[in-house]
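Worksheet: one structure, shown below.
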Amino acid sequence: MSLVKIFEIALKTGRVTRRYPVEEPLITPEFRGSIEVDPTKCWGCGACVKICPPNALTLTPSGKGLILEYFVGRCIFCGMCAEVCPAKAITVTKKFELASANLRDLRFRVVHKVLRCSICGAPIAAEAEVRAVVKASPTSEEYALLCPKCRKEKFSKSVGLRVGASSGRSS
Amino acid sequence: MTDPVLKVVEELKGLGGVVEEIKDREVYLVVDRDRLKSLAKALYSAGAYLKTCAGVDERQVQGVLSIYYMFGLDELGTDVILRVPVAEEDAKIPTIVPEVPAADWCELEARDMVGIEIVGRPVRRLVLPEDWPEGVHPLRKDFNYSTRPPRGFKSEASEEVGVPLGPYHPALHEPEYFELYVEGEKVVDVAYRGFHVHRGIEKLAESPRFTYKQVPFLAERICGICGFVHSSCYVMAVEKAAGIEVPERAEFIRSIVLEVERLHSHLLWLGVAAHLLGYDAGFMHAWRIREHTMVLAEYLTGSRKTYGINIIGGVRKDLNVDKLDKTLKTLATVREEFVKLAEVVLSVPQIRSRASGTGVLSRSEARALSVVGPVARASGLYRDVRKDYPYFAYKEVSFRVPLYTEGDNLARLLVRVEEVLESIEIIKQLVDKLPGGPIAVESWDVPPYRRAVAAIEAPRGEDVHFIITGVGKPYRWRVRAPTYQNIPALRAMLRGAPLADVPLTIASIDPCFSCTDRVVVYDVRTGGRRVLRISEGVSPCPL
Numbered sequence: 088m089s090l091v092k093i094f095e096i097a098l099k100t101g102r103v104t105r106r107y108p109v110e111e112p113l114i115t116p117e118f119r120g121s122i123e124v125d126p127t128k129c130w131g132c133g134a135c136v137k138i139c140p141p142n143a144l145t146l147t148p149s150g151k152g153l154i155l156e157y158f159v160g161r162c163i164f165c166g167m168c169a170e171v172c173p174a175k176a177i178t179v180t181k182k183f184e185l186a187s188a189n190l191r192d193l194r195f196r197v198v199h200k201v202l203r204c205s206i207c208g209a210p211i212a213a214e215a216e217v218r219a220v221v222k223a224s225p226t227s228e229e230y231a232l233l234c235p236k237c238r239k240e241k242f243s244k245s246v247g248l249r250v251g252a253s254s255g256r257s258s
Numbered sequence: 256m257t258d259p260v261l262k263v264v265e266e267l268k269g270l271g272g273v274v275e276e277i278k279d280r281e282v283y284l285v286v287d288r289d290r291l292k293s294l295a296k297a298l299y300s301a302g303a304y305l306k307t308c309a310g311v312d313e314r315q316v317q318g319v320l321s322i323y324y325m326f327g328l329d330e331l332g333t334d335v336i337l338r339v340p341v342a343e344e345d346a347k348i349p350t351i352v353p354e355v356p357a358a359d360w361c362e363l364e365a366r367d368m369v370g371i372e373i374v375g376r377p378v379r380r381l382v383l384p385e386d387w388p389e390g391v392h393p394l395r396k397d398f399n400y401s402t403r404p405p406r407g408f409k410s411e412a413s414e415e416v417g418v419p420l421g422p423y424h425p426a427l428h429e430p431e432y433f434e435l436y437v438e439g440e441k442v443v444d445v446a447y448r449g450f451h452v453h454r455g456i457e458k459l460a461e462s463p464r465f466t467y468k469q470v471p472f473l474a475e476r477i478c479g480i481c482g483f484v485h486s487s488c489y490v491m492a493v494e495k496a497a498g499i500e501v502p503e504r505a506e507f508i509r510s511i512v513l514e515v516e517r518l519h520s521h522l523l524w525l526g527v528a529a530h531l532l533g534y535d536a537g538f539m540h541a542w543r544i545r546e547h548t549m550v551l552a553e554y555l556t557g558s559r560k561t562y563g564i565n566i567i568g569g570v571r572k573d574l575n576v577d578k579l580d581k582t583l584k585t586l587a588t589v590r591e592e593f594v595k596l597a598e599v600v601l602s603v604p605q606i607r608s609r610a611s612g613t614g615v616l617s618r619s620e621a622r623a624l625s626v627v628g629p630v631a632r633a634s635g636l637y638r639d640v641r642k643d644y645p646y647f648a649y650k651e652v653s654f655r656v657p658l659y660t661e662g663d664n665l666a667r668l669l670v671r672v673e674e675v676l677e678s679i680e681i682i683k684q685l686v687d688k689l690p691g692g693p694i695a696v697e698s699w700d701v702p703p704y705r706r707a708v709a710a711i712e713a714p715r716g717e718d719v720h721f722i723i724t725g726v727g728k729p730y731r732w733r734v735r736a737p738t739y740q741n742i743p744a745l746r747a748m749l750r751g752a753p754l755a756d757v758p759l760t761i762a763s764i765d766p767c768f769s770c771t772d773r774v775v776v777y778d779v780r781t782g783g784r785r786v787l788r789i790s791e792g793v794s795p796c797p798l
């Protein structure tokens with residue numbers, strides 16, 4: 088009879104529910120929770136912002152600088168940001184107890200100092216990003232510190248000079 | 256392209272179809288709207304099922320509005336797609352519902368979303384709400400995603416307002432609305448009003464911030480139970496359209512995870528079915544066993560649900576020895592416990608008697624409505640995408656497709672019970688044969704304006720994604736979830752049924768709308784009306 092059989096199964100199985108939160112939660116080593124951004128490593132380049140499917144990461148210029156904000160409330164815990172981060176500044180943690188009565192607890196910010204063009208003063212990019220670019224490629228620093236417009240002008244002027252000089256020599 | 260397919264194509268050419276493109280398993284024909292009916296009829300009588308149809312605003316590329324009718328010649332494993340273009344000023348297409356009853360919903364959806372008038376049938380709004388303005392069609396390209404047209408609530412003439420207030424059951428039930436017309440206890444007719452939670456996902460994917468890379472994560476959120484099916488189907492459509500060769504290992508990993516998802520989905524359903532029959536002990540044990548598969552899914556992918564491992568060209572997470580070992584151990588446990596439970600559940604006399612002979616869907620009705628998945632297989636239709644259009648690693652494994660001819664609730668239950676065991680065997684074979692190599696292609700490129708239809712066997716049946724590629728993102732992405740195909744069959748199942756069999760029958764298609772457990776009951780003799788909870792009238796425990 089089925090009633091007896093189900094009792095047999097139930098008795099043999101016993102209690103399966105964990106006494107969470109008194110006991111450890113049931114998560115596996117592969118679990119993906121919220122992310123952490125290391126402000127000392129972050130460049131402020133925005134690669135994570137571009138890939139983030141739900142817009143949980145945003146990069147906004149403000150009076151204080153360039154602000155990278157991580158809003159846990161929108162995060163889908165896919166971890167794509169950590170995969171694309173060129174600075175390896177993002178780690179996927181196992182944190183999942185994220186509820187809070189205060190919305191501000193769900194926002195994490197990294198404020199980046201903005202580098203301004205050494206000629207015209209227009210904002211270029213986060214200082215950390217420019218530093219990383221200069222370090223990674225042998226671009227001469229004086230070009231890296233210019234905004235795209237001034238960089239173009241400076242470049243065409245110097246090319247013009249060089250072309251002029253070489254054509255002068257050949258004639 | 257095989258000979259039988261060429262024969263069908265020749266016949267369609269004779270009827271006025273012009274071949275646009277022939278691919279390995281897809282044939283695209285363009286058809287004049289006046290000849291559509293005869294082609295649709297010829298295809299349906301050649302054994303094709305209607306997968307779905309999709310309205311597309313192609314004014315930017317072809318200067319026309321179109322409807323794509325996707326037919327599947329299951330036995331030949333080939334899709335035949337009819338494109339019917341019409342000028343914007345004269346956007347009218349004759350209905351094919353008399354020839355192909357399964358086209359009922361998708362025709363109405365194309366009318367709502369793209370604004371192509373369907374001629375020769377009664378029309379009503381299907382997807383758009385009543386207070387949406389006339390002449391505004393969200394899937395037209397000139398309709399911006401962030402536009403919010405003014406909405407005015409139209410008050411109905413009646414002074415009396417029925418306020419449906421129901422329990423919220425986040426597990427399986429979602430916002431659904433059935434109007435049952437009854438004579439005494441007998442259901443005479445059924446009207447369905449759905450799409451309360453239409454989220455405009457197809458339009459969202461067209462919004463500026465979405466690219467090919469982000470849509471898999473959006474697709475995964477179409478369904479909370481078979482999300483991986485949707486992300487797999489989307490990436491498969493893009494890969495087919497762009498001709499991206501996915502590494503074999505990635506295909507195996509996708510297939511393994513798809514089957515793990517089927518296990519948890521069927522176990523979930525079995526629990527809910529037991530619960531609806533008042534057998535809560537069965538519900539608890541089914542979900543206890545399901546928990547093993549949930550933990551396994553998290554260990555394999557990183558998340559219990561919305562696994563997030565599908566990317567175009569492969570997967571993000573590899574399997575190692577520990578994971579494969581854990582998979583086999585979990586499967587052994589699940590199998591042992593499931594066999595015991597299934598034996599108990601199926602021997603409960605009340606379950607047998609309430610499920611057998613109720614909610615019958617005949618083979619011919621199932622065929623006419625092109626139903627999919629366990630619903631089709633319980634009504635004697637041998638349909639399984641894994642066999643008919645082998646994708647990913649399914650051609651590497653052998654398995655049986657459970658088939659029943661009774662078409663009742665018990666048959667649908669038995670199909671799912673047997674499929675659990677088949678899934679376990681499939682995963683074992685896949686683990687055994689898992690090849691080495693990379694899990695994703697290094698780089699890929701999607702050329703614009705390529706088309707592809709992809710289909711995957713979800714736990715609920717065939718899931719279809721149709722894609723027209725664009726620049727950096729899909730130009731048009733059409734999703735047809737399995738329940739879309741199966742809900743219209745409920746009308747056939749419920750007509751003539753006693754009221755008490757309604758909850759189980761609705762649940763027997765394993766519906767996947769977000770739902771609030773309520774139906775309105777109209778008494779056709781008195782004109783009275785009352786709102787009923789879906790679990791009402793179910794005794795707490797039949798034992």
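Protein sequence lines correspond, in order, to chains A and B. Everything in the first sequence is counted per this note's numbering, starting at 88 for the first residue and increasing by one. Everything in the second sequence is counted per this note's numbering, starting at 256 for the first residue and increasing by one. For every residue, glycine included, the Cβ atom is placed at its ideal position computed from N, Cα and C.
Please tell me whether residue i has its Cβ less than 7 Å away from any Cβ of chain B.
i                      : result
residue 165 of chain A : yes
residue 99 of chain A  : no
residue 93 of chain A  : yes
residue 115 of chain A : yes
Report the neighbours of residue i on chain A: residues whose CB is nearer than 7 Å to its CB, in chain order.
i                      : result
residue 611 of chain B : Neighbours of residue 611 of chain B on chain A: none; closest Cβ ~16 Å, over 7 Å.
residue 595 of chain B : 96
So which residues on chain B does residue i lean against when the C-beta distance must stay under 9 Å?
i                      : result
residue 118 of chain A : 553, 554, 557, 558, 559
residue 122 of chain A : Per Cβ cutoff of 9 Å: no residues; residue 122 of chain A is ~13 Å from chain B at best.
Within 7 Å (strictly less), CB to CB, does residue i reach chain A?
i                      : result
residue 605 of chain B : no
residue 469 of chain B : yes
residue 310 of chain B : no
residue 490 of chain B : no
residue 652 of chain B : no
residue 327 of chain B : no
residue 536 of chain B : yes
residue 716 of chain B : no
residue 563 of chain B : yes
Can you pull the chain B neighbours of residue i, defined as C-beta to C-beta under 8 Å?
i                      : result
residue 103 of chain A : 543, 546
Starting from residue i, find everything on chain A with Cβ-Cβ shorter than 8 Å and list it in chain order.
i                      : result
residue 472 of chain B : 140, 141, 163, 165, 167
residue 550 of chain B : 113, 115
residue 599 of chain B : 89, 92, 93, 96
Secondary structure at residue i, three-state DSSP: helix, strand or coil?
i                      : result
residue 564 of chain B : coil
residue 540 of chain B : helix
residue 148 of chain A : strand
residue 438 of chain B : strand
residue 158 of chain A : strand
residue 234 of chain A : coil
residue 324 of chain B : strand
residue 535 of chain B : helix
residue 715 of chain B : coil
residue 588 of chain B : helix
residue 269 of chain B : helix
Cβ closer than 9 Å: which chain A residues qualify as neighbours of residue i?
i                      : result
residue 540 of chain B : 93, 96, 97, 100
residue 301 of chain B : Those within 9 Å of residue 301 of chain B in chain A number zero; the least Cβ separation is about 41 Å.
residue 727 of chain B : What residue 727 of chain B touches in chain A: nothing, since even the nearest Cβ is about 12 Å away.
residue 569 of chain B : Within 9 Å Cβ-Cβ: nothing; residue 569 of chain B doesn't reach chain A, min ~13 Å.
Does any heavy atom of the ligand SAH sit closer than 6 Å to the C-beta of residue i?
i                      : result
residue 702 of chain B : In the structure on display, the ligand SAH does not appear, and there are no ligands present to speak of.
*Runs of beta strand (DSSP E) wholly within the segment 719 to 751 of chain B (minimum 3 residues, chain order)*: Within the segment 719 to 751 of chain B, the complete beta strand (DSSP E) runs of at least 3 residues are 729 to 735.
*Is it a yes or a no for the segment 268 to 278 of chain B touching the segment 231 to 251 of chain A, going by three-plus beta-carbon pairs under 8 Å?*
The answer is no - the segment 231 to 251 of chain A does not touch the segment 268 to 278 of chain B, with fewer than three Cβ pairs under 8 Å.
*Do the segment 482 to 490 of chain B and the segment 559 to 568 of chain B make contact, defined as three or more Cβ pairs closer than 8 Å?*
Under the 8 Å Cβ criterion, the segment 482 to 490 of chain B counts as touching the segment 559 to 568 of chain B, having at least three qualifying pairs.
*Just list the alpha helix (DSSP H) runs in the segment 186 to 219 of chain A, keeping only unbroken ones of 4 residues or longer that don't cross its boundaries, in chain order.*
Entirely contained in the segment 186 to 219 of chain A, not one alpha helix (DSSP H) run reaches 4 residues.
*Are three or more beta carbon pairs between the segment 304 to 315 of chain B and the segment 364 to 381 of chain B nearer than 8 Å?*
Output reads yes: the segment 364 to 381 of chain B touches the segment 304 to 315 of chain B.
*Just checking, does the segment 451 to 469 of chain B make contact with the segment 596 to 612 of chain B on the three C-beta pairs under 8 Å criterion?*
Cβ pair count under 8 Å is below three, so no.
*Segments assigned alpha helix (DSSP H), at least 4 residues, entirely inside the segment 590 to 657 of chain B*: Entirely contained in the segment 590 to 657 of chain B, the alpha helix (DSSP H) runs reaching 4 residues are, in chain order, 604 to 610, 618 to 623, 628 to 633, 640 to 643.
*Counting Cβ pairs, one atom from each stretch, are 3 or more of them under 8 Å apart for the segment 355 to 365 of chain B and the segment 296 to 307 of chain B?*
Three or more Cβ pairs closer than 8 Å define a contact, and the segment 355 to 365 of chain B meets that threshold against the segment 296 to 307 of chain B.
_Using a Cβ distance threshold of 8 Å, determine whether the segment 539 to 558 of chain B contacts the segment 502 to 517 of chain B, with at least three qualifying pairs required._
Yes, since at least three Cβ pairs between the segment 539 to 558 of chain B and the segment 502 to 517 of chain B fall closer than 8 Å, the two stretches touch.
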